[in-house]
Amino acid sequence: MPDTGVETGIAVEILSQGTGQALETGKRGDADVLLVHDRASELQLVEEGYFVDRHDVMYNDFVLVGSPDDPAGIKGVESVVEALAKLAAGGHTFVSRGDDSGTNRMELRLWGEASVDPAGSEWYMAIGQGMGATLTVANENLAYTLTDRATYLSMKDELDLEIVLEGDPALFNQYGVMAVNPEKHPHVKYEEALQFIEFLISEEGQSLISSFQIGGETLFFPGLGI
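Every number in my numbering is 18 more than the matching position in the sequence shown, counting from 1.
What follows is the structure, encoded as structure tokens:
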């Protein structure tokens, strides 16, 4: 974001929220531009007129992490849906963000595909917190959780958790950027939002995204990715 401010001359005030909360903030007109990761919901809200000028801007993926001894025997399983069904059948502890974030929405969709309703199960911990806190709780409980790869990599040295499943196409994680519709909320800074979006999707912005690394590993990849 500092690079964005330098290039556009716009002072960017960041409000960090999970995707569900961020979408509601934008719908109320309490933000000018959103960077979120629930593509289906984003496109639906553009269709409904809440947002405009949406672009796929970058992507990474989700991974399933757990304790190194992997009590559920997930390592070697290729399908995340199969892995979740296996976790549920064995009653292995799973920590959920439970906060209506993009990650939480993805997790719930995957449980649905596994024909599992985890709510209320003794092994299912929905904590209503962000990804960092969720990883910490999973670590403390030697539990499994679904995380975006970027947050896991940024915290890996503090955790005893390992990636037990990755690479399933179902775990693709697309980020989109879009402006709040000024016809619904005339007070929003629409021109500045467009400048912000145009910088992110520009060659320079995309290059900055692809060069962002932690420990030599790239956290995000530019554009659509598929």
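For glycine and all other residues, C-beta sits at the position ideal for the given N, C-alpha and C.
Using 10 angstroms around the beta-carbon of residue i, count the other beta-carbons present and answer buried if the total reaches 16, otherwise exposed.
i: A29; result: exposed
i: F230; result: exposed
i: H205; result: exposed
i: S220; result: exposed
i: E125; result: buried
i: I215; result: buried
i: R123; result: buried
i: G67; result: exposed
Looking at the structure shown, is residue i part of a helix, part of a strand, or coil, going by DSSP?
i: P200; result: coil
i: L52; result: strand
i: G47; result: coil
i: F190; result: strand
i: V206; result: coil
i: V195; result: strand
i: I232; result: strand
i: F238; result: coil
Taking residue i as the reference, which of the options has the closest Cα?
i: K104; options: H203, R115 and V182; result: V182
i: G233; options: A106, N122 and M173; result: M173
i: G194; options: M149, Q224 and E210; result: Q224
i: G130; options: D56, L102, L212 and F217; result: L102
i: S59; options: G185, Q192, Y162 and T163; result: Q192
i: A168; options: M149, T154 and G185; result: M149
i: L179; options: L164, F190, H55 and L189; result: L164
i: P200; options: A40, L226 and F69; result: F69
i: I32; options: A211, E235, I227 and L226; result: A211
i: E222; options: E235, T236 and P240; result: P240
Can you determine whether any heavy atom of the ligand FMN sits closer than 7 Å to the C-beta of residue i, and answer yes or no?
i: H110; result: Here there are no bound small molecules, and the ligand FMN is not part of this structure.
Next item on the list: Specify whether the stretch 65-77 and the stretch 91-103 touch according to this definition: at least 3 beta carbon pairs, one from each stretch, less than 8 Å apart.
Entry: no
Notebook entry, point to check: Does the count of Cβ pairs from the stretch 96-115 and the stretch 196-214 closer than 8 Å reach three?
Noted result: no
Notebook entry, point to check: Which full runs of the alpha helix (DSSP H) of 4+ residues lie inside the stretch 112-164, going along the chain?
Noted result: 120-131 and 149-158
Checklist line | Three-pair Cβ contact test at 8 Å for the stretch 144-154 versus the stretch 114-122 | finding: yes
Notebook entry, point to check: Considering only residues of the stretch 62-87, which uninterrupted alpha helix (DSSP H) runs meet the minimum length of 4 residues and lie entirely inside it, listed in chain order?
Noted result: none
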